[in-house]
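**Student:** My structure is below; once you've seen it, I'll send some questions.
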Amino acid sequence: MDNLFYAMAFILFLTGFWIMLSHSNLIKKIIGMNVMESAIFLFLVAIGYVKEGSAPIITDASSGITHVNPLPSALILTGIVVSVSVTAFALGLVVKLYQHYGTMDVDEITRMRSEEL
Amino acid sequence: MIIAHIMPLTILLPLVGAYLILLFGSKARNLARNIALIASVATFVMACMITYLVSRDGKLVYYLGGWAPPLGIELVADGITAFLMMTFAGVGLTVLIFAYDILAGEIKEKVITRYYALYLVLLASLLGIVLSNDFFNMYVFLEISSIAAAALVAVNGDKLAMEASIKYLIMSTLGSGTVLMGIAGLYMVTGYLNLGFIAARLPDAFATYPLTVLMTLAMLVVGIAVKAALFPLHVWLPDAHGSAPTSSSAILSGLVVKVYIAVLLKLLYRVFPLDFVRTLPLQGSLLVMATLGIFIGSIMAIRQKDIKKMLAYSTVAQIGYVFLGIGLFSEKAMTGAILHVFNHAVMKSMLFLSAGLLIKYSGRRTITDLAGLGRTYPLPMIAFSVGALSMVGVPPLSGFISKWYLGLGALEADQMPFLLVLLISSLLNGFYYMPIVIAGFFRKETVEIQKQNVPFGAQVSLIILIAATFFFGLFSNVAVDYITPTVRGLFGLFGGGI
Chain A
454 MDNLFYAMAF ILFLTGFWIM LSHSNLIKKI IGMNVMESAI FLFLVAIGYV KEGSAPIITD
514 ASSGITHVNP LPSALILTGI VVSVSVTAFA LGLVVKLYQH YGTMDVDEIT RMRSEEL
Chain B
33 MIIAHIMPLT ILLPLVGAYL ILLFGSKARN LARNIALIAS VATFVMACMI TYLVSRDGKL
93 VYYLGGWAPP LGIELVADGI TAFLMMTFAG VGLTVLIFAY DILAGEIKEK VITRYYALYL
153 VLLASLLGIV LSNDFFNMYV FLEISSIAAA ALVAVNGDKL AMEASIKYLI MSTLGSGTVL
213 MGIAGLYMVT GYLNLGFIAA RLPDAFATYP LTVLMTLAML VVGIAVKAAL FPLHVWLPDA
273 HGSAPTSSSA ILSGLVVKVY IAVLLKLLYR VFPLDFVRTL PLQGSLLVMA TLGIFIGSIM
333 AIRQKDIKKM LAYSTVAQIG YVFLGIGLFS EKAMTGAILH VFNHAVMKSM LFLSAGLLIK
393 YSGRRTITDL AGLGRTYPLP MIAFSVGALS MVGVPPLSGF ISKWYLGLGA LEADQMPFLL
453 VLLISSLLNG FYYMPIVIAG FFRKETVEIQ KQNVPFGAQV SLIILIAATF FFGLFSNVAV
513 DYITPTVRGL FGLFGGGI
């Protein structure tokens, strides 16, 4: 049971990976991207978790209370910011592509492009 | 003061430049390009100083905020990273000089200031990746570079470029996601993010969690290979580099794909001891992929009609050379790979810039329509020819030197077949580059061309690049002597961490 979070994180990671590669709808690809990144964040949080540890606010260092590792959480904050900006940029591109082609399907866009040439 | 803080300042300078451009330059285009130029000249000068300091002291280390690792982030410059940093700062500056006058004709007026800002952000992220010795810090710079690079492709807002850009963005997020998962795995088993500390703990960690360590290494290598466009993972590259504006293509093909190789190098020589890597099946797969990349990239390049697409496929092949050099795991081959990162950056940016000029003046992108342009536009065509000859590996140009070292490396590693790969692929390079050069000078024009003046900035940058190609071909010992101590250290001191 201890490894449940790690296993779940990997299942989610692979799910996101698969969605990104196999779906041709761009919005689904971006959702897949977010699933994959959330999986990584889950993995990092799980690494930092200490069983029955409390939030790492240390007022008295000698109290002997166990705390969870705060570093992975701090990393994830940065990671979330990065993932939000990538998502925003990708969605912006999708809006523009939709204006040009009238579709969000990559296969459709490729077909339309090859007909144009 | 400046000397003590030179490494973070080098990364910070382009970022400050980008900020100033967005703050003041949104109305004044002229101001924007001047700020960009000044910032990148200053960055280049500081890169030169770091290079000098490294050659004097051997290695520079800086703790951000004064916090020593493992608490703080560490920046490290040694022979290899300083050399790569110099490449990025130098080629980045040269491309910017080229863009000084040309850009206005190629990019929509309202995005031009943002283009300069993005360019500087990209430059800063490249330098950050090279200098950082902290894995998470490196990941953040990696993501900055993927967003900035995808934006530089899409900047003009035309459909082809935007489609290429989203493909590029999705593939590179896939790559950096995989890299981050690998980093998380390394953190899990060692408890550190600093490369040196990870390396020190790795033998113990491997003894306890062998599978986790192996999986981590696999994820890191695959993630990097996606971003660096190693052969079967290169599908995004030709579209992205082929449809971007000229100066973007030059920096993307010349620099951005290389920076991930810098990450791979650091991974292999600062974290995973070479003796350990030798015991894994990594070498075989790297060499097979590199060889396939060299051949298939070249064959695809021969089949292209569009000159920029052809150059983009040629990048796939050339990345294969770099991975070949890394994969041979011998001192000479590693030297060759690092030299090729530099030489290819110079050659490929020169080829893209001169091809961009030829496309601009003839109005055509197809290879056959570029015939005869050498008489009307001698300088771009000469630059293209020098780049092409250097790609083929004609002495005394710099492309010959890196292939020579790769060849020596193949002999040193007792891998004779790869000598044959190098020879055949040089022949293939000749197949697609030489017809353009010959037609450019000796064939009649197929389209009506009106003579226009090549802007001063473009002339200067092409001349700098031509000179660099000759200089590093004739006096290659300058570069070789610079990186040799570090490369030797890497092959002498396994697992010590640098």
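Chains as they are written, first to last, in my numbering: chain A, 454 to 570; chain B, 33 to 530. The beta-carbon is built from N, C-alpha and C at its ideal position, and this holds for glycine as well.
Assuming the contact rule is C-beta atoms closer than 8 Å, Thr347 (chain B) and Val289 (chain B) should be a hit. Round their C-beta distance to whole Å, please.
**Tutor:** 7 Å between Cβ atoms; contact.
**Student:** Taking 8 Å as the threshold, find out whether the region 493-510 of chain B comes into contact with the region 113-128 of chain B through three or more Cβ pairs.
**Tutor:** Contact between the region 493-510 of chain B and the region 113-128 of chain B is present, because at least three Cβ pairs lie under 8 Å.
**Student:** Val48 (chain B) lies in the alpha helix (DSSP H); which residues open and close that run?
**Tutor:** Val48 (chain B) -> alpha helix (DSSP H) spans Ile38 to Phe56.
**Student:** Leaving out five residues before and five after Pro428 (chain B) in sequence, what residues of the same chain have Cβ atoms less than 6 Å from its Cβ?
**Tutor:** The answer, listed in chain order, is Gly505 and Leu506.
**Student:** Quick one: what's got a C-beta closer than 6 Å to Ala272 (chain B)'s C-beta in the same chain, skipping five residues either side?
**Tutor:** The answer, listed in chain order, is Val185, Ala196 and Tyr200.
**Student:** With C-beta atoms as the reference, is Pro46 (chain B) less than 8 Å away from Ile139 (chain B)?
**Tutor:** No. Outside cutoff.
**Student:** May I ask you to list the residues that DSSP assigns as paired with Ser87 (chain B)?
**Tutor:** Its beta-bridge partners do not exist; DSSP assigns none.
**Student:** Does Glu490 (chain A) come within less than 8 Å of chain D when only Cβ atoms are used?
**Tutor:** Chain labels in this structure do not include chain D; the protein chains are A and B.
**Student:** If we count the other Cβ atoms within 10 Å of its Cβ and call it buried at 16 or more, is Tyr84 (chain B) buried or exposed?
**Tutor:** Exposed.
**Student:** Taking C-alpha atoms, which residue in B:Val143, B:Gly104 and B:Leu296 lies nearest to Phe229 (chain B)?
**Tutor:** Taking only the C-alpha atoms, the option nearest Phe229 (chain B) is B:Gly104.
**Student:** For Leu550 (chain A) and chain B, any beta-carbon pair shorter than 8 Å?
**Tutor:** At least one chain B Cβ lies under 8 Å of Leu550 (chain A).
**Student:** Just the C-alpha distance for Lys340 (chain B) and Ala387 (chain B), rounded to the nearest angstrom, thanks.
**Tutor:** Those two C-alpha atoms are separated by around 7 Å.
**Student:** Could one say the Cβ of Ser292 (chain B) lies closer than 8 Å to chain A's Cβ atoms, at least one of them?
**Tutor:** Contrary to the premise, residue 292 (chain B) reads as Tyr rather than Ser in this sequence. No, no contact with chain A.
**Student:** Quick one, are the C-beta atoms of Gly441 (chain B) and Gly357 (chain B) less than 8 Å apart?
**Tutor:** In contact: Gly441 (chain B) and Gly357 (chain B) (Cβ atoms closer than 8 Å).
**Student:** Can you look up Leu429 (chain B) in the DSSP assignment and give me helix, strand or coil?
**Tutor:** Leu429 (chain B) falls in the coil class under three-state DSSP.
**Student:** Curious, which full-length beta strand (DSSP E) runs of at least 3 residues does the region 72-151 of chain B contain?
**Tutor:** You should have 92-95 and 106-109.
**Student:** Under the DSSP definition of a beta bridge, which residues are partnered with His520 (chain A)?
**Tutor:** In DSSP, His520 (chain A) forms a bridge with A:Ser507.
**Student:** Short of 6 Å in beta carbon distance, which residues of its chain neighbour Ala543 (chain A), apart from the five on each side in sequence? Order them along the chain.
**Tutor:** These residues qualify, in order along the chain: Ile483.
**Student:** For the region 59-71 of chain B against the region 91-103 of chain B, are there 3 or more C-beta pairs whose distance is under 8 Å?
**Tutor:** The region 59-71 of chain B vs the region 91-103 of chain B: no contact.
**Student:** Identify each residue in the region 460-482 of chain A for which the Cβ-Cβ distance to at least one residue of chain B is less than 9 Å, and report them in chain order.
**Tutor:** Residues Ala462, Phe463, Phe466, Gly469, Phe470, Met473, Leu474, Leu479 and Lys482.
**Student:** Contact defined as beta carbons within less than 8 Å: I believe Ser317 (chain B) pairs with Leu192 (chain B). What is the distance between those atoms, to the nearest angstrom?
**Tutor:** The Cβ separation is near 33 Å, so there is no contact.
**Student:** Tell me the start and end of each unbroken alpha helix (DSSP H) in the region 203-260 of chain B that is at least 4 residues and wholly inside, in chain order.
**Tutor:** Complete alpha helix (DSSP H) runs here, min 4: 227-240 and 242-260.
**Student:** Please say whether Val258 (chain B) and Gly207 (chain B) have beta carbons closer to each other than 8 Å?
**Tutor:** Result yes, Cβ atoms of Gly207 (chain B) and Val258 (chain B) sit closer than 8 Å.
**Student:** Can you check which of these residues, B:Phe130, B:Leu389 and B:Met332, is closest to Leu69 (chain B) by C-alpha distance?
**Tutor:** Leu69 (chain B) has its Cα closest to that of B:Phe130, out of B:Phe130, B:Leu389 and B:Met332.
**Student:** Quick one: residues in its chain with C-beta nearer than 7 Å to the C-beta of Leu252 (chain B), no 5 flanking neighbours on either side, listed in chain order?
**Tutor:** Correct list, in chain order: Val211, Gly214 and Leu299.
**Student:** Identify each residue in the region 415-443 of chain B for which the Cβ-Cβ distance to at least one residue of chain A is less than 7 Å, and report them in chain order.
**Tutor:** Flagged: no residues at all.
**Student:** When you compare each of B:Asn165, B:Met170, B:Met423 and B:Val172 to Val455 (chain B) by their alpha carbons, which one comes out closest?
**Tutor:** Contrary to the premise, residue 455 (chain B) reads as Leu rather than Val in this sequence. With distances taken between Cα atoms, Leu455 (chain B) lies closest to B:Met423.
**Student:** Using a C-beta to C-beta distance shorter than 8 Å, which residues of chain A count as neighbours of Ala183 (chain B)?
**Tutor:** Simply Phe542.
**Student:** Taking 8 Å as the threshold, find out whether the region 325-335 of chain B comes into contact with the region 223-242 of chain B through three or more Cβ pairs.
**Tutor:** These segments do not touch.
**Student:** For Ala403 (chain B), which residues in the same chain have their Cβ closer than 8 Å to its Cβ, ignoring the five residues on either side in sequence?
**Tutor:** The residues are Ala471, Gly472, Arg475, Lys476, Glu477 and Thr478.
**Student:** Give the DSSP bridge partners of Thr18 (chain B), in chain order.
**Tutor:** In the structure as shown, chain B begins at 33 and stops at 530. Residue 18 (chain B) is therefore absent and cannot be evaluated.
**Student:** If you follow the alpha helix (DSSP H) that Ala329 (chain B) is in, where does it begin and where does it stop?
**Tutor:** According to the sequence as given, residue 329 (chain B) is Gly; it is not Ala. Leu314 to Arg335 is the span of the alpha helix (DSSP H), which, as asked, contains Gly329 (chain B).
**Student:** Rounded to a whole number of angstroms, what is the C-alpha to C-alpha distance between Ile34 (chain B) and Met78 (chain B)?
**Tutor:** Their Cα atoms are separated by approximately 9 Å.
**Student:** With a 10 Å radius around its C-beta and 16 neighbouring C-beta atoms as the bar for buried, classify Met448 (chain B) as buried or exposed.
**Tutor:** The residue is exposed, with fewer than 16 neighbouring Cβ atoms inside 10 Å.
**Student:** Whose C-beta lies closer than 7 Å to the C-beta of Thr119 (chain B) among residues of the same chain, with five residues either side of it excluded?
**Tutor:** The residues are Val373, Phe374 and Ala377.
**Student:** Name, in chain order, the residues that DSSP records as bridge partners for Asp558 (chain A).
**Tutor:** Looking at the DSSP assignment, Asp558 (chain A) forms a beta bridge with A:Asn478.
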